[in-house]
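So the structure is just underneath, and the comments pick up after that.
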Amino acid sequence: MTKGNQQAAIVGIGQTEFSRNSGRSEQQLCAEAVLAALADAGLKPADIDGIMTYTLDHSDEVDLMRNIGVKEIRYTMRIPQGGAGSISSLVHAKHAVESGFCDCIVLWRSMNERSQYRFGQPNLQLQMSPNGHSSTFIEWCLPFGAQTPATWEALSAGPYVNKYGVTSEDLGRVSVLMRKNAATNPNAWFYGKPITLEEHQASRWIVAPTLRLLDCCQESDGAVAIVITRMDRAKDLKQTPARLAAAEYAFLHNHEIISDFYQGDLARLPMSERVTERLVQACGIAPRDCQVAMIYDNFTTQVLRQIEAFGFCGAGEAKDFIREGHMDLDGRNALSPNGGLIGEAYIHGMNNITEGVRQLRGAADNQVRNVENVFMCSGVAGAIITK
Amino acid sequence: MTDSNLNPNRPDPIMSVEGAFFWKAADEGRFVVQKCGGCGMLHHPPRAICPECLSFKREEAELSGRGTVVSWVMPVQPPAFGFDVPPIVALIELEEGIRMVSNVEGADPKTMKVGLPVKVGFAKTRGGHALPVFHLA
Numbered sequence: 146m147t148k149g150n151q152q153a154a155i156v157g158i159g160q161t162e163f164s165r166n167s168g169r170s171e172q173q174l175c176a177e178a179v180l181a182a183l184a185d186a187g188l189k190p191a192d193i194d195g196i197m198t199y200t201l202d203h204s205d206e207v208d209l210m211r212n213i214g215v216k217e218i219r220y221t222m223r224i225p226q227g228g229a230g231s232i233s234s235l236v237h238a239k240h241a242v243e244s245g246f247c248d249c250i251v252l253w254r255s256m257n258e259r260s261q262y263r264f265g266q267p268n269l270q271l272q273m274s275p276n277g278h279s280s281t282f283i284e285w286c287l288p289f290g291a292q293t294p295a296t297w298e299a300l301s302a303g304p305y306v307n308k309y310g311v312t313s314e315d316l317g318r319v320s321v322l323m324r325k326n327a328a329t330n331p332n333a334w335f336y337g338k339p340i341t342l343e344e345h346q347a348s349r350w351i352v353a354p355t356l357r358l359l360d361c362c363q364e365s366d367g368a369v370a371i372v373i374t375r376m377d378r379a380k381d382l383k384q385t386p387a388r389l390a391a392a393e394y395a396f397l398h399n400h401e402i403i404s405d406f407y408q409g410d411l412a413r414l415p416m417s418e419r420v421t422e423r424l425v426q427a428c429g430i431a432p433r434d435c436q437v438a439m440i441y442d443n444f445t446t447q448v449l450r451q452i453e454a455f456g457f458c459g460a461g462e463a464k465d466f467i468r469e470g471h472m473d474l475d476g477r478n479a480l481s482p483n484g485g486l487i488g489e490a491y492i493h494g495m496n497n498i499t500e501g502v503r504q505l506r507g508a509a510d511n512q513v514r515n516v517e518n519v520f521m522c523s524g525v526a527g528a529i530i531t532k
Numbered sequence: 359m360t361d362s363n364l365n366p367n368r369p370d371p372i373m374s375v376e377g378a379f380f381w382k383a384a385d386e387g388r389f390v391v392q393k394c395g396g397c398g399m400l401h402h403p404p405r406a407i408c409p410e411c412l413s414f415k416r417e418e419a420e421l422s423g424r425g426t427v428v429s430w431v432m433p434v435q436p437p438a439f440g441f442d443v444p445p446i447v448a449l450i451e452l453e454e455g456i457r458m459v460s461n462v463e464g465a466d467p468k469t470m471k472v473g474l475p476v477k478v479g480f481a482k483t484r485g486g487h488a489l490p491v492f493h494l495a
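If you're matching them up, the sequences are chains A and B in order.
If you're matching positions, the first sequence starts at 146 in the working numbering and goes up one per residue.
If you're matching positions, the second sequence starts at 359 in the working numbering and goes up one per residue.
Structural data, given as structure tokens:
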């Protein structure tokens, strides 16, 4: 475990506006978010020596360097597994700067995912191998009509929902909470637009009998960027650094990212459970010890399943944990105060990292009181940031 | 075993090198799974090498076609590409101990539930291929 001045810290966060039609190229959105994150940190493009995005991102490293005047880099990396990999970018960045290989890494995600292409639609023109992208859904799901993330998620959540008697109302309470938080976050697409449980129940089926429209995250245009360096450099910068106390990733044999049907007890998320163990080993802090929990919320079912797998409550108890208010803004573990991907925007998980940092700084619109630790997760990866 | 086909525009399979045997067998009306030629273990989805014994020898084994529903859903919106009627998509646990995504055809969604026994049949795709699908047993 790296401590003190050699520990990695998030020192800058930046973003564009979140919309459904940005009207700009993804390359421009990327550059805007990176410049905003550098300005937030008090750094310049010439300070960057490592850059990293998702394998699925359409913007380009060389173009980013050209656009904003990055002079020389010695590290570049792309993270696989889509949004599930969002938090794993922090694992790479942490080790790259703590080893001394890099001094300053920028992570970004830029997407016109509403105006140019939509993850929620079937896409049989996919330019990918049947074996690609950590899932086998192209060959083994598409011909049977399982063609969207909502369908794969609903199918994999079935045994969990069935075993614990999770109702559509139970899922609706997650969505109501996310939209309540988004309603008072001016950056959220659903700012000023809370929903009731009745509205959730009246929303149309996307995948019966599990996921309604209001169980699904948004499709958004926008970009987010994050700057990571070491504490020895962070002390001279503009913001209070968010120390990366631990960032862990785990992937297990015979599992997949979203069409994860083929191994083990489907009522559990064993990869998330493994990450939880590693986080505690790495820093002595458990996710449930954190005042804020940024949990990847592509679908409401994923939120309940991760709440249990990351140890906030026991198996089958997440629906009650939510209903009893333990994850409200003033609860034991406040859930995504920005409104998450359901309420704020779907920037593939990256906007949950920026909110975690704002909460630790005490600078969020929906600020939780006395935040010492923030937990962030995306299924196969988790991280804990501290003051 | 093919009923009146409610979804004649069903997409054709997209075959990987390792998975092609499954689809070709289905075209011949056979329901099979990958069997390791070294240790006999069954694998699905198919793979190049057996993770148990690291044998490259791939064989196929006939399946009984009997299984139970582990999970089921009906994608409604957006409509599934190639499906004129929303399909019941199900995760089936076969009695040989492997799981597979397929459809349950001819069932009423109101009476669908986890644990129902099912039996394999075949449905035609738009390009004239046959896919293994299931019916309530």
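Glycine included, every Cβ here is placed at the ideal spot set by N, Cα and C.
{"Asked": "Measuring alpha carbon to alpha carbon, tell me which residue in B:H487, B:G479, B:A488 is nearest A495 (chain B).", "Found": "B:G479"}
{"Asked": "Measure the C-alpha to C-alpha separation of V516 (chain A) and W253 (chain A) and round it to an integer number of angstroms.", "Found": "25 Å"}
{"Asked": "Assuming M376 (chain A) and G149 (chain A) are in contact, meaning their beta carbons sit under 8 Å apart, how far apart are those beta carbons, in whole angstroms?", "Found": "7 Å"}
{"Asked": "On the DSSP bridge list, what partners appear for Q435 (chain B)?", "Found": "Answer is none; Q435 (chain B) lacks a bridge partner."}
{"Asked": "Does chain B have any CB closer than 8 Å to the CB of W578 (chain A)?", "Found": "Given that chain A is displayed from residue 146 to residue 532, the structure contains no residue 578 (chain A) and the question cannot be resolved."}
{"Asked": "Judging by CA-CA distance, which residue of B:D442, B:C408, B:M432, B:P436 is the nearest neighbour of V459 (chain B)?", "Found": "B:M432"}
{"Asked": "Per DSSP, what kind of secondary structure is S539 (chain A) in: helix, strand or coil?", "Found": "Since the first and last residues shown for chain A are 146 and 532, residue 539 (chain A) lies out of range."}
{"Asked": "Considering just the uninterrupted stretch of the beta strand (DSSP E) at L452 (chain B), what are its terminal residues?", "Found": "447-452"}
{"Asked": "Which residue marks the beginning of the beta strand (DSSP E) containing E418 (chain B), and which one marks its end?", "Found": "416-420"}
{"Asked": "Just how far apart, CA to CA, sit K239 (chain A) and I196 (chain A)?", "Found": "13 Å"}
{"Asked": "My guess is that I373 (chain A) and A153 (chain A) are in contact by the Cβ rule of under 8 Å, so how many angstroms apart are they, rounded?", "Found": "6 Å"}
{"Asked": "Using a C-beta to C-beta distance shorter than 9 Å, which residues of chain A count as neighbours of T483 (chain B)?", "Found": "P288"}
{"Asked": "Taking the C-alpha atoms as reference points, what is the distance between E386 (chain B) and F380 (chain B)?", "Found": "10 Å"}
{"Asked": "Along the beta strand (DSSP E) that carries E393 (chain A), what are the first and last residues, could you check?", "Found": "387-394"}
{"Asked": "Who are the neighbours of R368 (chain B) on chain A, taking C-beta pairs under 9 Å?", "Found": "P288, F289, G290"}
{"Asked": "Helix, strand or coil for M470 (chain B)? Go by DSSP, reduced to three states.", "Found": "coil"}
{"Asked": "Please look up how many angstroms separate the CB atoms of F444 (chain A) and D360 (chain A), rounded, as I've assumed it's under 8 Å.", "Found": "6 Å"}
{"Asked": "In terms of DSSP beta bridges, what is K482 (chain B) paired with?", "Found": "B:A488"}
{"Asked": "Whose C-alpha, out of A:Y441, A:R514, A:F406, is nearest the C-alpha of G485 (chain A)?", "Found": "A:Y441"}
{"Asked": "Within 8 Å (strictly less), CB to CB, does Q435 (chain B) reach chain A?", "Found": "yes"}
{"Asked": "Just to confirm, is the Cβ distance from G501 (chain A) to I530 (chain A) under 8 Å?", "Found": "yes"}
{"Asked": "Since I believe P267 (chain A) is in contact with P436 (chain B) (beta carbons under 8 Å), could you give me their beta-carbon distance rounded to a whole number of angstroms?", "Found": "6 Å"}
{"Asked": "Please specify which runs of the beta strand (DSSP E), each continuous and at least 3 residues long, are wholly inside the region 391-435 of chain A, giving them in chain order.", "Found": "none"}
{"Asked": "Would you identify the three-state DSSP class for D366 (chain A), choosing helix, strand or coil?", "Found": "strand"}
{"Asked": "With 8 Å as the threshold, decide whether the Cβ of P267 (chain A) is near any Cβ in chain B.", "Found": "yes"}
{"Asked": "Measuring straight from C-alpha to C-alpha, what distance separates G310 (chain A) and Y220 (chain A)?", "Found": "48 Å"}
{"Asked": "Using the Cα positions of G494 (chain A) and P467 (chain B), report the straight-line distance between them to the nearest angstrom.", "Found": "34 Å"}
{"Asked": "I want to verify the contact list: residues of chain B whose CB lies under 9 Å from the CB of P415 (chain A), in sequence order.", "Found": "The contacting residues do not exist; P415 (chain A) stays about 16 Å from chain B at best."}
{"Asked": "Assuming P482 (chain A) contacts V156 (chain A) under a Cβ cut-off of 8 Å, what Cβ separation, rounded to an integer in Å, is found between them?", "Found": "Not a contact, Cβ separation roughly 21 Å."}
{"Asked": "Roughly how many angstroms separate the alpha carbons of G456 (chain A) and R450 (chain A), rounded to a whole number?", "Found": "10 Å"}
{"Asked": "Which ranges would you report for the alpha helix (DSSP H) in the region 279-347 of chain A if only whole runs of at least 4 residues count?", "Found": "282-285, 294-309, 313-328, 342-347"}
{"Asked": "Indicate whether at least one CB of chain B lies closer than 8 Å to the CB of E335 (chain A).", "Found": "A small fix is needed here, since residue 335 (chain A) is Phe in this sequence, not Glu. False, the Cβ-Cβ gap to chain B never drops below 8 Å."}
{"Asked": "What residue range does the alpha helix (DSSP H) around A460 (chain A) cover?", "Found": "A460 (chain A) -> no alpha helix (DSSP H), and no H or E assigned at all."}
{"Asked": "Could you tell me the distance, in whole angstroms, from the CA atom of G214 (chain A) to the CA atom of Q447 (chain A)?", "Found": "40 Å"}
{"Asked": "Does the Cβ of S422 (chain B) have 16 or more other Cβ atoms within 10 Å, making it buried, or fewer, making it exposed?", "Found": "exposed"}
{"Asked": "Can you list, in chain order, the stretches of the beta strand (DSSP E) that have 3 or more residues and sit fully within the region 192-247 of chain A?", "Found": "195-199, 220-224"}
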